[in-house]
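S.K.:
There are 2 protein chains.
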Amino acid sequence: MSHKPLGKVYLVGAGPGAPDLLTLRAARILASAEVVFHDALVHPDTLALAQRAEHVAVGKRCGRHSSAQAFINKRLVDAARKYAVVVRLKGGDPMLFGRAQEEIDALNGAGIEFEVVPGVTTALAAAAQIGTSLTRRGVSRNVTFVTPRVGKSEQPSDWARAVVAADTAVIYMGAGEAAEIRATLGARGVPMSTPVLLVENVSLPGSREIGCTLGEIEWAATQLGSGPCVIMLGEAMRDASIASYPQKQACWGTP
Amino acid sequence: MSHKPLGKVYLVGAGPGAPDLLTLRAARILASAEVVFHDALVHPDTLALAQRAEHVAVGKRCGRHSSAQAFINKRLVDAARKYAVVVRLKGGDPMLFGRAQEEIDALNGAGIEFEVVPGVTTALAAAAQIGTSLTRRGVSRNVTFVTPRVGKSEQPSDWARAVVAADTAVIYMGAGEAAEIRATLGARGVPMSTPVLLVENVSLPGSREIGCTLGEIEWAATQLGSGPCVIMLGEAMRDASIASYPQKQACWGTP
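Quick mapping for you: the protein sequence lines, in order, are chains A and B. Start counting the first sequence at 0; every next residue gets the next number (numbering that gives the first Met the number 0). Start counting the second sequence at 0; every next residue gets the next number (numbering that gives the first Met the number 0).
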């Protein structure tokens, strides 16, 4: 019985959205891919770089089920038995809220070679877009990235503890949890006047920025559409938040 | 008296080191640059993409003086009065420990247009290199990026508070502060058995990974060379830390 040599799986970060925020390495690997399993939100122009490949959309936009993840894992393993170059293309960076570890564990378990290609994560592209650094001398010397979303089988996350301890916080996948964010951080003593900036569809045409305070975050979330959004929070965001306040009121903070 | 139109300054992330971890956008802007002010550690192949440009090395490798930063700010402003396309090329991402805000403020103050091009930050490239996600279901749901280095004019940073509150922490520019990291985190109750991974020269040939525990971090730092290093800390690092332990001892944690 002969065994075909196994292919290699590349877990590739597609970056925050704009096709030209892909890395050169990712572009090269996509060009040689035979099959690409991609997140729903990957830009069509990025997928188009995989000219030779079959394109397979996998994963729900937010909060996939475990069963869906197990199915993706299986498809990656099966594909590596059939193709030499398999790409799993994920929005942002694979190693930050990308659930890459579950796919890596499955590939390791099946003895399949893999390589991770890092990408520009959305928080950094959002900071670039608003022209405001996440760290700033004398204001912010550390940054935390959290998500208030947890799987159904998990304990409630202690995401708020990390936010409270950090100078600047970026909340991924949090726009739908604005009420919980305000209540949980408020209960831990974060002032309602803390500057907040929400950025929807980071790096894409039609991206929107809304500045507000923590106390106004639910209202601000209702002003956004259904695109993915990051919430940036902390003193380093003050000027950018004021500049993006919808009415640019002098009374920012007391609407 | 005629005024020449002012040029535009691009603050560009060069990524973690490997030239092909640059973004497509950064490569395109470098190709059109007339002058590039670059950090000392930017790869020669990345600089070579700026074929038309004058190349100017600026900045000390670690912890520039304020005066040096003010001088860089002035050179950027002066260059934008002379050239149409000015690039400030920074290692990693400009908005995370890149001191970009001081340059942005100087450009804003002089009325000069600027644009920030995000890059792959070193922590994410390190996670890709070791094949270990910074977030992991049921183990780590948030990540904090800190540096224990602070300017001479600043208060001691509360970086340790952010590390203690996070599931996974990545310490930038910390290899020279290993003794302080161990002592400060230990004093805050972080167990000496906490898994740690140091990665030197992330994404470059000859990159080295050393796994250890928090209690062994000073010893581990002495095993590294003089290249830039990130220190990754937390339960999500356990397997990668054990795999990179120099002697791969069964008795990891009790050398």
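Backbone N, C-alpha and C fix where the C-beta goes; we use that ideal spot for every residue, glycine too.
1) Rounding to the nearest angstrom, what Cα-Cα distance links PRO18/A and LEU40/A in this structure?
2) Going along the chain, which residues of the segment 179 to 212 of chain A sit with their C-beta nearer than 7 Å to a C-beta in chain B?
3) Output needed for LEU203/B: all residues of its chain with C-beta closer than 7 Å, excluding positions within five of it in sequence on either side, in chain order.
4) Please list, in chain order, the residues of the segment 71 to 99 of chain B that have any C-beta partner in chain A closer than 8 Å.
5) Does the distance from the C-beta atom of ARG181/B to that of LEU213/B stay below 8 Å?
6) Thinking C-alpha only, which one of MET191/A, ASP44/A, ASP166/A, PRO93/A is nearest ALA177/A?
7) Can you give the Cα-Cα distance for LEU184/B and ALA159/B, rounded to whole angstroms?
8) Using the Cα positions of GLN50/B and VAL34/B, report the straight-line distance between them to the nearest angstrom.
9) From the DSSP secondary-structure annotation, give me the bridge partner or partners of MET231/B.
10) What are the start and end residues of the alpha helix (DSSP H) that includes VAL162/B?
11) Please decide whether PRO117/B counts as near chain A, where near means a Cβ-Cβ distance under 8 Å.
12) Could you give the first and the last residue of the continuous alpha helix (DSSP H) run that contains THR221/B?
13) Determine the extent of the beta strand (DSSP E) in which ILE111/B is found, giving its start and end residues.
14) Let me know if SER206/A comes out buried or exposed under the rule of 16 or more other beta-carbons within 10 Å of its beta-carbon.
15) Less than 8 Å between the beta carbons of VAL11/A and ILE28/A, yes or no?
16) For the beta strand (DSSP E) that contains ALA56/B, what are its first and last residues?
17) In the structure shown, what three-state DSSP assignment does GLU33/A receive?
18) Using only the heavy atoms of the ligand ATP, determine whether one of them is closer than 7 Å to the beta carbon of SER202/A.
19) Rounded to whole angstroms, what is the Cα-Cα separation between ARG87/A and LEU75/A?
20) Compute the distance between the beta-carbons of GLY164/B and ALA164/A, then report whether it is under 8 Å.
21) If you pair each beta-carbon of the segment 127 to 142 of chain A with each one of the segment 99 to 109 of chain B, do three or more pairs fall below 8 Å?
22) First and last residue of the beta strand (DSSP E) that includes THR212/A?
23) Could you work out which residues of chain A lie near ASP19/B, taking near to mean beta carbons separated by less than 8 Å?
24) Is the CB-CB distance between VAL119/A and PRO227/B below 8 Å?
25) Please state whether DSSP places VAL142/A in a helix, a strand or coil.
26) Show which residues of chain B have a CB atom less than 9 Å away from the CB atom of ILE103/A.
27) State yes or no: is the C-beta of ALA294/B within less than 8 Å of the C-beta of GLY97/B?
28) Nearest-angstrom Cα distance between CYS211/B and LEU196/B?
29) Considering only residues of the same chain and omitting the five flanking positions on each side of ASN200/B, which have a CB-CB separation below 6 Å?
30) From LEU48/A to PHE36/A, what does the alpha carbon distance come to, in whole angstroms?
31) Taking the alpha-carbon positions, what's the MET172/B to VAL229/B distance?
M.R.: Walking through what the data contain:
1) 12 Å
2) none
3) GLY16, ALA17
4) ASP92, PRO93, MET94, LEU95, PHE96, GLY97, ARG98, ALA99
5) yes
6) MET191/A
7) 6 Å
8) 10 Å
9) VAL169/B, LEU196/B
10) 158 to 164
11) yes
12) 216 to 221
13) No beta strand (DSSP E) contains ILE111/B, which DSSP labels as neither H nor E.
14) buried
15) Yes, they are a contact pair.
16) Segment 53 to 56, the beta strand (DSSP E) holding ALA56/B.
17) Three-state result, GLU33/A: coil.
18) Of the ligands one can find in the structure shown there are none, so the ligand ATP has no counterpart to examine.
19) 8 Å
20) Here residue 164/B turns out to be Ala, not Gly, going by the sequence shown. Yes.
21) yes
22) 207 to 212 is the span of the beta strand (DSSP E), which, as asked, contains THR212/A.
23) Correct list: THR22, LEU23, ARG24, ARG27.
24) Cβ distance not < 8 Å, so VAL119/A and PRO227/B don't count as in contact.
25) strand
26) GLY130, THR131, SER132
27) This structure cannot settle anything about residue 294/B, because the visible part of chain B is limited to 0 through 254.
28) 6 Å
29) SER206, GLY226
30) A straight line joining the alpha-carbon of LEU48/A with that of PHE36/A spans about 13 Å.
31) Distance between the alpha carbons of MET172/B and VAL229/B is about 7 Å.
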